[in-house]
Amino acid sequence: MVDAGTLQVFYQTAAPTGWTKGTSHDNKALRLVSGTASSGGTNTFTGTFTNRSVNNFSLSSGTMPVHNHLFAWGVGGSPQTKAAGSNSPDSFQNANVGGAGSGGGHSHGIDFSVRYVDVIIASKD
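Going left to right, the sequence shown walks through residues 757 to 881 as my numbering numbers them.
Structure representation (structure tokens):
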């Protein structure tokens, strides 16, 4: 026996006899939770998946993380001070090196063709 007012999900277009199809939730995704049931969000299910591309974007100094480009090279070392067979330098020098780029952006598609099943929510009369 199902109590009146009980909500249930059905995989069909119309509510079965003795049930009333709810219409307050349309074009939404279902989210399984272990806490309190609620609803939310601002974008419809199909609206979210309509945009299938990433807008053109170029990195700028304001959007690029702080970083350095270091180049290290060995200096010094005379044959008299090296152990036999050693070619290692006495010390290393470091320098920042520049970079170059075109500054061009890129965009690309994203396939959001998520598989889905349409269901209804109905309440027991």
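Just so it is clear, CB atoms sit at the ideal spot from N, CA and C, and this is done for glycine as well. Given the structure is predicted, the values throughout are model-derived calculations rather than measurements.
CB-CB under 6 Å to residue i, same chain, minus the five flanking residues each way: which ones, in chain order?
i: V758; result: K880
i: A785; result: F801
My guess is that residue i and residue j are in contact by the Cβ rule of under 8 Å, so how many angstroms apart are they, rounded?
i: R808; j: G761; result: Wrong, their Cβ atoms sit about 40 Å apart, outside the cutoff.
i: S863; j: N783; result: The pair is not a contact, with the Cβ atoms about 27 Å apart (cut-off 8 Å).
i: H781; j: S795; result: 7 Å
i: L763; j: I877; result: 6 Å
Do you know offhand how far residue i's Cα is from residue j's?
i: N799; j: T776; result: 26 Å
i: T821; j: G861; result: Just to set this straight, residue 821 is Pro in the shown sequence, not Thr. Roughly 17 Å separates the two Cα atoms.
i: F813; j: G859; result: 10 Å
For residue i, collect the residues of the same chain with a Cβ closer than 7 Å to its Cβ; drop the 5 residues on either side in sequence, then sort them by chain order.
i: D867; result: R808
i: Y767; result: V873, V875
i: S802; result: At residue 802 the sequence reads Thr, which differs from the Ser that was named. Result list for T802: N783, in chain order.
i: F805; result: F868, V870
Where does residue i sit, in a helix, a strand or coil, going by DSSP?
i: K838; result: Confidence at K838 is low in this model, with a pLDDT of 48, below 50, so the placement of that residue is unreliable and no value is reported for it.
Segments of 3+ residues assigned as beta strand (DSSP E) that fall wholly inside the region 770-802: 775-777
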